[in-house]
Each structure stands twice: as structure tokens, then as C-alpha cells.
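A quick write-up on the structure given underneath.
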Amino acid sequence: MIQAVGLTKRYGAKTAVDEVSFTVRPGMVTGFLGPNGAGKSTTMRLIVGLDRPTSGAVTVNGSAYAGLRAPLHEVGVLLDAKAVHTGRSARNHLLALAATHRISRARVDEVIAITGLESVAHKRVGGFSLGMGQRLGIAAALLGDPATLILDEPVNGLDPEGVIWVRHLARQLAGEGRTIFLSSHLMSEMAQTADHIIVLGRGRVIADAPVADIVALATGTAVRVRTPHAARLTELLSARATVTSGAPDLLEVTGLTSPQIGELAAAAGVVLHELSPVAGSLEDAYLALTQDEVEYQAGAR
Amino acid sequence: MTTTTTTALPGLTFGGILNSEWIKLRTLRSTLWCYALIVVITIGLGLLLAGTADTAGTAVPADAQQAIWLQVSTLGIQFSVLITSVLGALVITGEYGTGMIRSTLAAVPRRTPALLAKALVFGVATFVVGFISVLATALATAPVLASRGIHADFGDPQPWLVFLGGAGYLSLVGLIALALGTIIRNSAGGIAAALGLILVVPTIVGIIAGVTKADWAADLGQYLPSSGGSQMYNALQAPGAVQLEPWQGALVVITWVVVLMAGAVILLKKRDA
């Protein structure tokens, strides 16, 4: 269980995390979603006490991370693939981390096996690919067999097989009753892994809901209408809805449901060739949510 | 998930953190290279000097014989402090440069124990390496010097104090560099600051003292780590000159370490990692 209350972090004049409050519950995968620069990584660093909040607080299992008696047994964290000394071998890196909590060599070899690093365990980390670095970071997070896992962009740099592996691992660990908190800037990734989603935009929580609710946000918001009398229908509907035109005979209507549009068209004698709600995807919901929140927009003002 | 096992596990202990830092220190090539270099340079310079010692056929007093032997044995310290300055800074700045520091501090979120364990492990390891290299040099050069009419006396306690002092100075300089590295958090900066304090500052203070004839500059010169340190293994107490005793020299260097380490701890606790 991770609880953030009014968490705020400013770096000089820039506010990276702004009055963020949320709860990450055990037994499920909670996705932490947002465009690059939204403050996801900062929030995760705040949780494990690497950065100090400007105001507000965050606790893990009821106490501040720094106050935990055995942090690695309570929280496993993958911050980014580069939290490793490049001159050390993967196994020695894990042995050094394990030693702090007197975690056995057997466990070190176990996480190496779980993450599929056996063949490179004795190689220096400097020569690792991004994917291998991610696996090593996940191995380190798993060392203490923690009840809470915080993974920042875990699938970054992984091959498709690795992506599926992370997905299964997250689902499995959540199934064991653990708290799984993983971030991504890819909605599609979250859709397949998470039960609950917290969306962050410009340092603020803009959505905090089950995956199904987030999908609902995007479903049924627009209706596609194909008609030979596009101009007339536009005239008819524009008083009550937003109408945009894709092609000469194609309209997209927002603000009215399909039945309403159908009835209005029938009453005015307008022929319709197609009338269909645009199926919302998580991608659409995400884009709708974060449209105004994107920090680094292409060709921004 | 079992919360019951969590309570049975040993958790975070200082002994564990010490072990972790020991693993970290010995699993990097830079450590092994630097330590090997210290041993080779100390023995090599000692043998070089011993092999060229020349008493010009005159009989040397026993005291002076002993002093020559000890100077030969500790000649390498002057060089080795440069190596430990670099290594001391790298021990921590290497973690900042690679991002390893975030793994370290996530495992030891109170932070101070991590730095203290690092200092302890690095300090002891450097002391041992320093002591071994000085002792090996003393043993290796004694027969060479004996063939040239200079006889070493291991039975006297003074050589042992000199060996301990030399190794201690080496170790303490490393800790000064470690503290500076923690404060600066950058390899180039940390190394430059440590070498600057050991090499450049004494020269500048010396020039100021020479030009202005100011007493404060001369006094200040005495309390720099390098001059305090050189007294720690000085076999020649020049008669008449105002000099610190070896233990006073040690106190000077230890004070530098304590003050800089205190600053390093405060900043480490305060700053974002």
C-alpha cells in the first residue's frame, strides 16, 4: 500500500509534482500513466525517499520509506536502468545490494534465474543492452521478495518477449497479493497489464480510476455519420452538438447520441448511410485526458 | 506474500552495509589497479633509492642509518597519496556518475550509514595496503642498504610507528578525497579538489609565506593535511625547527577528515539523490 497526500516537488521555479494525492492498493496492478515529463519518475523517487518532497508526504505500508526497518524486503524499486555501476558485473552488483539486508547468495542466483540473466551475470554491466539493464534492475527490485514493487517504465527497451514476461510477472505478483505500481507513457501497455490507472499530467493527477472507467471516458463521445446531405445535417445539428467534417459525405458529431441524431435526421427527412458510435479505446481516453497536459508538444506554441 | 517472514528477516544492519561496501570496493577494477600501483610504486621507489644510496665511505651514526632506511621505506607514500586521492574520490563519485548512488541510497535510505560504512571499509583497506607496501619495502631494502653499510634495526619501536604513520596518512588522505567527492558529486571535480588540497594549496601557501613573510601563512602551512601528514611518518626530527610531533600531525589530518566528513554527511542527508 502506497499513500501519497498532497505530494509536491519543486525544482527551483519548476513544479514537477503538484499536490498529488493517491492510494496504490495491494493485490492489483496499478498503472501510472502520463506523457514524458508529467512527473511520474519524480513521484516514484519521492516514494523511496531519493528526493525530498517540497511539501506533502508519501508513505509505504503506513510509514515513510526511510523509516522502514528493512526497506528492500518491503519495497522493490526499479528507478531506471542506469542505477548500476558500469564497472561491476551484474552478479556482484546484486551481491552488494543483497549484503545490506543479509539476503543470501541463493536468493541472488534465484533472481538472476527469474530475470533470465544467467548467461551475462558475470559480465560487466557497462556492456549491457538497454533490455538487459532493465532485467538487472527488475532483478534488484525482486531481491528482497518485497510486498510492494515500484517499476518505472519497466518495459522500456525490452524485446516483445520481454514485454510479455514483465506483463506476466506483474500480474502474477499482484495475484500473490502484492502492491504493484508501474509507470508507462504507453496506454496500450497499461491496458494489458493494469487493473487500475492513475493518470498524471503536468504534475497533477487527472484521472484515478479502474481501467474500465477510463475506457468509458472515451466511449460514445463521438458518432460517425455518413450522409449525402452533409451540409443540411450539419446545419440541423450544429445548434446542439459539435460537428466536424472528415470527407464530403462524412461527419463526426460530438454531444449527441446515435439515437438522437437518427431521430433528428428522420424528422427532417435527411437520408443516412451510416450512423455509428466511434468505439473508444484506452488510447483515445488517454489522449483526451492528456491533450492539454502534454509538456513537450510537437511544434508547441 | 507473507508479512510474517518479513519480521523474521534480519533486515538492514550496519554489518550488512559494511559487507556491501566491501563487495563494492573489491569488485571494481579501478580499486585493484590503484592498490597494485601503490604497492609497486612504494617498493620500486624504495629499491631504487636504496640501490643508489651512497655513504661516501664515511661511517654513519646508528641513528642516521635508521633514518635513511625509514626514509627509503616511506618514499613511496608521497606518490601513493596522489593515488589514494583519486581512488577516494572515485569510490563515491563513480556511484554518482553511473547512477549507482540511487541503488545504494534506496537500500540504505537513512544514507549516513552508507557513507560511514564506505569510509570505514575504504579507510581500513587503504591502511592495510599502505602498511603492507611500506613494510614490504622496509624488508626488501634492508639487505640492499646493509650491503652499503647502512643497517636497519627492526627491534626498535620507532620504525613501526613510522610504518603505521605512513599507512595512516595514506588512508586519511583517501578519506579526505572521499568526503570531497561526496560534497562535489563529480569525478573530475572531486579528484581535482583532493589533489588541489594535497598538492597545490601547500605550494600556494608556501609562496605567500615566502613573499609576505607573514606568520599566519607559515602557521597555516603547518596545518594543511600534507604537512600534518608528512609529520606522521617523519623519521627525521630536525633539531631546532618548529615541528609538530607525529601524533600532532595525525591530529591535524584527522581534524581535516572529521570536518570534511561532517560536511559530506550533512549534504548527503539534505540533497536529492
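So the protein sequences, as listed, match chains A and B.
Take 1065 as the starting number for the first sequence in our numbering and just add one per residue.
Take 1161 as the starting number for the second sequence in our numbering and just add one per residue.
Every residue, glycine too, gets a C-beta built ideally from N, C-alpha and C.
As the structure is a prediction and not an experimental result, all values here were calculated from the model.
Whether residue i touches residue j by CB criterion (7 Å)
i: A:Leu1206; j: A:Val1122; result: no
i: B:Thr1187; j: A:Arg1235; result: no
i: B:Ser1293; j: B:Val1199; result: yes
i: B:Leu1335; j: B:Ala1285; result: no
i: A:Tyr1129; j: A:Gly1140; result: no
i: B:Gly1176; j: A:Thr1318; result: no
i: A:Arg1199; j: A:Thr1179; result: yes
i: B:Leu1209; j: B:Leu1235; result: yes
i: B:Phe1314; j: B:Leu1295; result: no
i: A:Val1148; j: A:His1137; result: no
i: A:Leu1142; j: A:Ile1066; result: no
i: B:Tyr1393; j: B:Gly1341; result: no
i: A:Ala1286; j: A:Val1342; result: yes
i: A:Ser1247; j: A:Lys1104; result: yes
i: B:Ala1339; j: B:Leu1276; result: no
i: A:Glu1338; j: A:Arg1290; result: yes
i: A:Ala1271; j: A:Val1263; result: yes
i: B:Trp1501; j: B:Leu1305; result: Here chain B has residues from 1161 to 1433 only, and residue 1501 of chain B is not among them.
i: B:Gly1211; j: B:Ser1233; result: no
Residue i, enclosing beta strand (DSSP E) - first and last residue
i: A:Val1335; result: Unbroken run through A:Val1335: none, as it is neither H nor E.
i: A:Ser1011; result: For chain A, the structure presents residues 1065 to 1365; residue 1011 of chain A sits outside this window and is missing.
i: A:Pro1274; result: 1268 to 1274
i: A:Gln1355; result: It is not in any beta strand (DSSP E) - A:Gln1355 carries neither H nor E in the DSSP assignment.
i: A:Arg1288; result: 1286 to 1290
i: A:Leu1264; result: 1260 to 1265
i: B:Thr1297; result: Per DSSP, B:Thr1297 belongs to no beta strand (DSSP E); it is in the alpha helix (DSSP H), 1272 to 1306.
First and last residue of the uninterrupted alpha helix (DSSP H) at residue i
i: A:Gly1201; result: 1194 to 1206
i: A:Ala1177; result: 1169 to 1178
i: A:His1157; result: 1154 to 1164
i: B:Thr1191; result: 1189 to 1212
i: A:Arg1235; result: 1224 to 1239
Where residue i falls, given that 16 or more other Cβ within 10 Å makes a residue buried
i: B:Tyr1329; result: buried
i: B:Gln1225; result: buried
i: B:Trp1182; result: buried
i: A:Val1227; result: buried
i: A:Arg1133; result: exposed
i: A:Phe1192; result: buried
i: B:Val1246; result: buried
i: B:Ala1337; result: buried
i: B:Trp1320; result: exposed
i: A:Leu1161; result: buried
i: A:Gln1355; result: exposed
i: A:Ser1252; result: exposed
i: B:Leu1184; result: Note on identity: in this sequence residue 1184 of chain B is Lys, with Leu being the wrong assignment. Buried, because 16 or more other Cβ atoms sit within 10 Å of the Cβ of B:Lys1184.
i: B:Leu1359; result: exposed
i: B:Thr1363; result: exposed
i: B:Trp1507; result: The requested residue 1507 of chain B does not occur in the structure, where chain B is confined to residues 1161 to 1433.
i: A:Gly1333; result: exposed
i: A:Ser1183; result: exposed
i: A:Leu1315; result: buried
i: B:Lys1429; result: exposed
i: B:Ile1367; result: exposed
i: B:Gly1262; result: The residue asked about is misnamed: residue 1262 of chain B is Arg in this sequence, not Gly. Answer is buried; the Cβ neighbour count reaches 16.
i: A:Thr1308; result: exposed
i: B:Gly1400; result: At B:Gly1400 the pLDDT is 46, less than 50, meaning the model places this residue with poor confidence and gives no usable figure here.
i: A:Leu1194; result: exposed
i: A:Gly1076; result: exposed
i: B:Asp1432; result: exposed
i: A:Arg1242; result: buried
i: A:Val1069; result: exposed
i: A:Gly1310; result: exposed
i: B:Ala1424; result: buried
i: A:Glu1225; result: exposed
beta-carbon residue i near the ligand NAP non-hydrogen atom, thresh 6 Å
i: B:Thr1301; result: This structure does not include the ligand NAP; it has no bound ligands of any sort.
Proximal chain E residues relative to residue i, where beta-carbon distance stays under 8 Å
i: B:Asp1432; result: Annotation note: the requested chain E is absent from the structure, which comprises protein chains A and B.
Exercise. Between the segment 1380 to 1387 of chain B and the segment 1288 to 1301 of chain B, are three or more C-beta pairs nearer than 8 Å?
Worked result: Taking 8 Å as the limit for Cβ pairs, the verdict is that the segment 1288 to 1301 of chain B does not touch the segment 1380 to 1387 of chain B.
For this session: Decide if the segment 1090 to 1105 of chain A is in contact with the segment 1258 to 1267 of chain A; the criterion is three or more beta carbon pairs, one per stretch, under 8 Å apart.
Result: Put simply, the segment 1090 to 1105 of chain A touches the segment 1258 to 1267 of chain A. At least three CB pairs are less than 8 Å apart.
Exercise. Does the segment 1366 to 1383 of chain B come close enough to the segment 1257 to 1271 of chain B that 3 or more CB-CB pairs lie under 8 Å?
Worked result: Counting Cβ pairs under 8 Å, fewer than three are found: no touch.
For this session: Check whether the segment 1078 to 1085 of chain A touches the segment 1224 to 1239 of chain A, counting contact only when three or more Cβ pairs, one atom from each stretch, lie closer than 8 Å.
Result: Between the segment 1078 to 1085 of chain A and the segment 1224 to 1239 of chain A there are fewer than three inter-stretch CB-CB distances shorter than 8 Å, so the stretches are not counted as touching.
Exercise. Below 8 Å, can you find three or more Cβ-Cβ pairs linking the segment 1243 to 1259 of chain B to the segment 1188 to 1195 of chain B?
Worked result: Below 8 Å, enough C-beta pairs join the segment 1243 to 1259 of chain B and the segment 1188 to 1195 of chain B to call them touching: three or more.
Exercise. Between the segment 1166 to 1173 of chain A and the segment 1099 to 1114 of chain A, are three or more C-beta pairs nearer than 8 Å?
Worked result: Look at the beta carbons and you see the segment 1166 to 1173 of chain A not touching the segment 1099 to 1114 of chain A: under three pairs across the two are nearer than 8 Å.
For this session: Mind listing, in chain order, the continuous alpha helix (DSSP H) runs of no fewer than 4 residues lying wholly within the segment 1359 to 1409 of chain B?
Result: Within the segment 1359 to 1409 of chain B, the alpha helix (DSSP H) runs of at least 4 residues that lie entirely inside it are, in chain order, 1361 to 1372, 1375 to 1382, 1385 to 1392.
Exercise. Whole alpha helix (DSSP H) runs in the segment 1308 to 1344 of chain B with 4 or more residues, listed along the chain?
Worked result: Complete alpha helix (DSSP H) runs here, min 4: 1317 to 1344.
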